[in-house]
């Protein structure tokens, strides 16, 4: 499943190393599309109208996925697993939309998402010179870092004030470029349709990140503004015929992060320090949730989405880790870095020191990695408490001096999350908090100042029980009131979880400050030098690493060599019934009742999923697959197992993006879900022809 | 496809090394079944009646496959690809049973196979002491080898004369044991049913040796004796319900050869010398046949079976080669050999030198490996000519002194092959002979005595053209007359191919003699010492390497981890239609017309193929899968891609035997092939209950 990584996965490191660009590789920014390659290889020259139409039809979800408008009335198509968090939040013990699915036949039945934000990229502006010119000669790395940070916050704030649009400065090419991205933001997002999870995620964890695949991983939201559906000319018309073997297709979405330009030292750090500890942490959390789930049906329901996301991350990270342990991959990386560095040494010796600086910074980071994990939270409510404690303090400071995440331009999205009315499961929070504290104790030892401060001589279980039993933060109104009361109210609060968060706060601040000074500032400077060196030596012939911002990939529908044979370009409903039957319908290979009762209605030869060579990564989930005519011919929901190494390298031989076929969506809506309204809306004629020249 | 290796693959090496025996590993001889393991793990104790019934129901095909009786009237079930050679031989330019399939609704329409021999194992007798006692103290390796060889020929001849049964002395445990196997032999074998190759071999070369799979790889022969079907109490009743996930099953068949007890030096030889040259040779031959096929439809038909077998071997050997190149596999082998040798050095120093002797012998073999391939034939007719030239000379000698393959006990089967009425395709023979000669020239250089002798200053193409145009050997009567005329007739013959074979003969003889003296005799002695050492150190706790003789494997029906997910225990007809549709019905994913026209008649949820953990290898093709009750619950036709390394190691995690499900056979016979007669015969009640105690 191609959701973007959760916070644990956002890698702190930036760096730069040019790989040799492979055919069809690349997650291109919309200002720098590979027009030459498209013209030469496919005789395709998209018009500016085509490009703008695709961009404005594409959406980003704040919780880590992508999507697209598919009707003139604000209907947005994405994956079931992107909608999963919201499905969980609107479900109750008695009405579980995750398992039963959901369909609002009329607008009044649509369900408002508690805390889903949707962004549409309106404009992009290169602000590199403004950001970099704030750094004056003679500044040390720390001062340069702070100056840049302050300037970025200023640019974002100015833009927000001027346009009212969400404004983010994005660091590209390891800091060789800075861009101001402005987004139209929507927060009234209502659920229209989701199938049962057993068909959306048919095959479960085993089939996750693999192909051939048979998943109807789709969901439909409708975007509202001022209580009315957003009317938009920019939507992708769904073409039920889809794309065929060999067809040129595009993916427009928000790949979360990649490390393809990282230095060898950074990859070694990921392999030897970061990934082993991440995997250990997630495995531990997964174990805790499984134990909790075993307590009963309601507990299992509460933990289901978190467990799903953990299993998803564990499989993805496990694949990345295996990839990094492959000596061949590392040898290739070493060879290309050696070549790059030797060119730099000859042509631009002023940048030559950057690699050793990077190596020094990651070594520094590795030295306090245990703390990084000890200070992180699996308990969402504890994380919210900490956000409140920090929020009230940070907003008193000048924007440029705040902790990351608390800049003016970010506050409205942050408040939307902090005050979310999504249900809180106290028993689950308590179990998670207890384990977080216990894990910190294990990682740091009982004598560590943080451990002593938060436990105060009690056991993790005792501290967690008191903190969760004595808190009222589950009520969003209590959170709002605290924030409204500002620093004084938070300082005076005797809410047990706020009390605990106050104890945690200084350690969090000290760590963030240390990391900025010793790691990030060094990496920023060194990364920028390597980025500049790359432009100087190779030109701007490549694409930047993924940053959960809008990118366009291109490729073709194509099978691949797999497990001794070849995987087909597409699968069909026949295959769904084969796999379900061949496992005796045992979960996760069970099917919703309607798939059994109405099987004879289906044309089983309808394509269900298909693969293409577009270059994607986590965050691309829900991205539309688009043809030359600007029509929607697929819905990205995953990559194959061979693509898990895609964080580091792209291999056209075997890396594939996996998508739902639009024919399957229409067949299911028509024959299984009795959704004529949706079918009519999806079949609405396009407003303009988007054929390229 | 699990046919046994062709002559090129019969490895000359024998040796011994004990691997740690893994659960369910083993191709057990019927005199030494793993009764203890079966009792402990599955609470199953087969009666002697069960064991004998299974043995006497099992058959071996002389051209490299296995099968079983499935009715009281001599009906034998095997794979389509085991029957393929015969299907090719009974087909003509106008009636191609390979592609169209075949069904004889009445006995008079059954088609007699030109040269198919079937063997049933009647008895086994341990003759170790008789064979080994012929070797007297002080004999050198060469003398010992000749003495053993003579004694073996004598035992076989005596047995043949006494019983009239085919009698083979089989070398087991690298020569630590010799057994006399007696077979009832049938040569009137008639084709009853074969489906179209496109369904028998659905997925073609890509899907070959892989799973999930969707092949109806079955064929039915009827065995005749004295013009009447063989009536037999020993047959396996087909149970259309098959076996289920987790069920205990057995495979009774004739695995061709394995190298699991080989020494490290022998495996290194296979990896560094043997396999690279075999692969190169087969790739070359495959190229020649593809070029020939491109000349026209008839040429393609003629070459089809050979190309199929070559592709099959190339994929199998390629998998073995990859396996051997895995440093982990070699490291494991090295570690277990080290342990074994250190135990032998302490407890039985008299055997300690055997490993170095083995290493010396394979080094010797490697030195003349090019000649081994230069002297081999892809042209069948040339091989037959050489057989004739050698036959008439060999039968004049005492049995014990003859070339391998020409001993008295082997002559009747050899004549059956030499005088086969199977069609000869002269244009194809010419192309193959020309390439054999050209390859010899390339391998040995133009100045090599063999090259000079066979080419006589002409080009390979000229020599081949003359030899094939001027020969009458395509006519089996001409071959019979020549053999009848004996040495004088052959010496006087001016048949162009006989003339060429006479030129080749001395080189063949010299090479065989050299190999016996310098390689085989050394390996035989050293192998026997290692075999004895193994018994001395570890006891007779294991099974011998495969020797294309009857073995029993056991295991369970079980999926396995595959390509990031899990492969199901079985597949269904749904999957067949999925895979065909998903590739747009393009060959090799096309289906016979009746599968399209009659699709609605089928219950698509019927299991089609399934996998189990039984330990098999090439030669097991056509083996029955048998349940506790002695019923046929499957038909082995392949191993998965992970099992290709099975020549060297067995891995229960991933190695799987792939079988046709009996439910699919019955469903297809009933609904697609309109074969009520066959269904009645296959559903005939069993004569006795075979349930074990």
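Residue numbers (the working numbering), protein chains in the order written: chain H, 28 to 720; chain A, 28 to 720.
Where a beta carbon is used, it is the ideal one built from N, C-alpha and C, also for glycine.
_My output table needs one value for residue 73 of chain A: the three-state DSSP class, helix, strand or coil._
For the purposes of this step, residue 73 of chain A is taken as residue 46 along the second chain, with counting starting at 1. In this structure, residue 73 of chain A counts as coil in the three-state DSSP scheme.
*Residue from A:164, A:543 and A:477 with nearest C-alpha to residue 429 of chain A*: The residue given as residue 429 of chain A occupies position 402 in the second chain. Among A:164, A:543 and A:477, the Cα nearest to that of residue 429 of chain A is on A:543.
*Near residue 229 of chain H, what residues of its chain come up, given a Cβ to Cβ distance below 6 Å and the 5 sequence neighbours on each side ignored?*
For the purposes of this step, residue 229 of chain H is taken as residue 202 along the first chain, with counting starting at 1. Excluding residues within five positions, the ones whose Cβ falls inside 6 Å are 241 and 242.
*Relative to the C-alpha of residue 620 of chain H, which residue among H:127, H:494 and H:435 is closest?*
Locating residue 620 of chain H in the first chain gives position 593, counting from the first residue. Out of H:127, H:494 and H:435, H:127 has the C-alpha closest to the C-alpha of residue 620 of chain H.
*Within its chain, find whatever has a CB closer than 6 Å to the CB of residue 725 of chain A; leave out the 5 residues flanking it on each side and keep chain order.*
Residue 725 of chain A cannot be examined here, being either before or after the span of chain A that is shown, 28 to 720.
*Between the segment 653–682 of chain H and chain A, which residues of the former have CB atoms less than 9 Å from a CB of the latter, in chain order?*
667, 668, 669 and 671
_Using the three-state DSSP reduction, which class does residue 571 of chain A fall into: helix, strand or coil?_
For the purposes of this step, residue 571 of chain A is taken as residue 544 along the second chain, with counting starting at 1. If DSSP states are grouped into helix, strand and coil, residue 571 of chain A belongs with coil.
*Residues of chain H with a CB under 8 Å from the CB of residue 606 of chain A: which are they?*
In the second chain, counting from the first residue as 1, residue 606 of chain A sits at position 579. In chain order: 595 and 602.
*Say whether chain H places a C-beta atom closer than 7 Å to the C-beta of residue 354 of chain A.*
Taking the second chain and counting its residues from 1, one reaches residue 354 of chain A at position 327. No - not a single Cβ of chain H is within 7 Å of the one on residue 354 of chain A.
*Measure the C-alpha to C-alpha separation of residue 400 of chain A and residue 120 of chain A and round it to an integer number of angstroms.*
As a first step, residue 400 of chain A is located in the second chain; it is residue number 373 there, counting from the start. As a first step, residue 120 of chain A is located in the second chain; it is residue number 93 there, counting from the start. Their backbone Cα atoms lie some 32 Å apart in a straight line.
*Leaving aside the five residues before and after residue 419 of chain H along the sequence, list all residues of the same chain whose C-beta is less than 7 Å from its C-beta, in chain order.*
Taking the first residue of the first chain as position 1, residue 419 of chain H is located at position 392. The residues are 510, 513, 514 and 517.
*Output, in chain order, the set of chain A residues within a Cβ distance shorter than 8 Å of residue 237 of chain H.*
Mapped onto the first chain, residue 237 of chain H falls at position 210. Under the 8 Å cutoff, chain A gives 590, 591 and 592.
*Quick one, are the C-beta atoms of residue 351 of chain A and residue 298 of chain A less than 7 Å apart?*
Counted from its first residue, the second chain places residue 351 of chain A at position 324. Counted from its first residue, the second chain places residue 298 of chain A at position 271. Yes, the pair counts as a contact, with Cβ atoms nearer than the cut-off.
*Would you call the segment 671–687 of chain A and the segment 178–190 of chain A touching, i.e. three or more CB-CB distances under 8 Å?*
no
*How is the beta strand (DSSP E) around residue 587 of chain H delimited, first residue to last?*
What you label residue 587 of chain H is simply residue 560 of the first chain in a count that begins at 1. First-last of the beta strand (DSSP E) with residue 587 of chain H: 587–589.
*When you compare each of A:99, A:226, A:68 and A:135 to residue 602 of chain A by their alpha carbons, which one comes out closest?*
As a position in the second chain, residue 602 of chain A is number 575, starting the count at 1. The shortest Cα separation from residue 602 of chain A among A:99, A:226, A:68 and A:135 belongs to A:226.
_Quick check on residue 164 of chain H: buried or exposed, where buried means 16 or more other Cβ atoms within 10 Å of its Cβ?_
As a position in the first chain, residue 164 of chain H is number 137, starting the count at 1. Residue 164 of chain H should be labelled exposed.
*asked:* Please list, in chain order, the chain H residues whose beta carbon lies closer than 8 Å to that of residue 409 of chain A.
replied: On the second chain, residue 409 of chain A is found 382 positions in, with the first residue counted as 1. The contacting residues do not exist; residue 409 of chain A stays about 34 Å from chain H at best.
*With 16 other CB atoms within 10 Å as the buried threshold, where does residue 153 of chain H fall?*
Here residue 153 of chain H refers to the residue found at position 126 when the first chain is read from its first residue. So residue 153 of chain H counts as exposed.
*Going along chain H in order, which residues have a C-beta closer than 7 Å to the C-beta of residue 228 of chain A?*
Numbered from its first residue, the second chain carries residue 228 of chain A at position 201. Result: empty, since nearest Cβ-Cβ is about 13 Å, beyond 7 Å.
*asked:* Looking at residue 535 of chain H: is its Cβ nearer than 7 Å to the Cβ of residue 498 of chain H?
replied: The residue labelled residue 535 of chain H in the question sits at position 508 within the first chain. The residue labelled residue 498 of chain H in the question sits at position 471 within the first chain. Not a contact, by the Cβ cut-off of 7 Å.
*Within this structure, are the beta carbons of residue 683 of chain H and residue 652 of chain H separated by less than 7 Å?*
Your numbering for residue 683 of chain H matches position 656 in the first chain. Your numbering for residue 652 of chain H matches position 625 in the first chain. No; because the gap between Cβ atoms is not below 7 Å, this pair is not in contact.
*Would you call the segment 701–712 of chain A and the segment 284–299 of chain A touching, i.e. three or more CB-CB distances under 8 Å?*
no
*Would you please state the rounded distance, in angstroms, between the beta carbons of residue 641 of chain H and residue 582 of chain H? I believe it to be under 8 Å.*
By one-based count along the first chain, residue 641 of chain H stands at place 614. By one-based count along the first chain, residue 582 of chain H stands at place 555. So it is a contact: roughly 4 Å between Cβ atoms.
_Using C-beta distances below 6 Å, list every residue in its chain close to residue 300 of chain A, excluding the 5 sequence neighbours before and after it, in chain order._
As a first step, residue 300 of chain A must be located in the second chain, where it is residue number 273. Closer than 6 Å at the Cβ level, and outside the excluded window around residue 300 of chain A, lie 393 and 396.
_Against chain D, does residue 465 of chain A count as a neighbour if the rule is that its beta carbon must be under 7 Å from one of theirs?_
Among the protein chains of the structure shown, namely H and A, there is no chain D.
*In the DSSP assignment, what are the bridge partners of residue 147 of chain H?*
Translated into positions along the first chain, residue 147 of chain H becomes position 120. H:211.
*Should the segment 72–91 of chain A be called in touch with the segment 605–625 of chain A, which here means at least 3 C-beta pairs below 8 Å?*
no
*List the endpoints of the continuous beta strand (DSSP E) containing residue 88 of chain A.*
Counted from its first residue, the second chain places residue 88 of chain A at position 61. From DSSP, the beta strand (DSSP E) with residue 88 of chain A extends over 85–88.
_Of the residues A:451, A:95, A:76 and A:232, the one placed nearest residue 647 of chain A, counting alpha carbons only_ = By one-based count along the second chain, residue 647 of chain A stands at place 620. Closest by alpha carbon: A:95.
*List, in order along the chain, the chain H residues whose C-beta lies closer than 9 Å to that of residue 233 of chain A?*
What you label residue 233 of chain A is simply residue 206 of the second chain in a count that begins at 1. By Cβ distance, chain H contributes 588, 591, 592 and 593.
*What do you reckon, are the CB atoms on residue 306 of chain A and residue 337 of chain A nearer than 7 Å?*
By 1-based counting over the second chain, the position of residue 306 of chain A is 279. By 1-based counting over the second chain, the position of residue 337 of chain A is 310. No, the pair does not count as a contact, with Cβ atoms beyond the cut-off.
_Neighbour-count burial assignment, residue 624 of chain H, 16 or more Cβ in a 10 Å radius_ = Residue numbering aside, residue 624 of chain H sits at position 597 when the first chain is read from its first letter. Classification of residue 624 of chain H: exposed, given that the 10 Å Cβ count is below 16.
*Neighbour flag for residue 340 of chain H against chain A, beta carbons, 7 Å*: Mapped onto the first chain, residue 340 of chain H falls at position 313. No, residue 340 of chain H lies away from the interface with chain A (no Cβ there is under 7 Å from its Cβ).
*Ignore the nearest five residues each way along the sequence and tell me which others in residue 57 of chain H's own chain have a CB closer than 7 Å to its CB.*
Mapped onto the first chain, residue 57 of chain H falls at position 30. Excluding sequence neighbours, residue 57 of chain H sits near 78, 82, 151, 577 and 579.
*Between residue 71 of chain A and residue 269 of chain A, what straight-line distance do the alpha-carbon atoms span, to the nearest angstrom?*
If you number the second chain from 1, residue 71 of chain A lands on position 44. If you number the second chain from 1, residue 269 of chain A lands on position 242. Roughly 19 Å between the two C-alpha positions.
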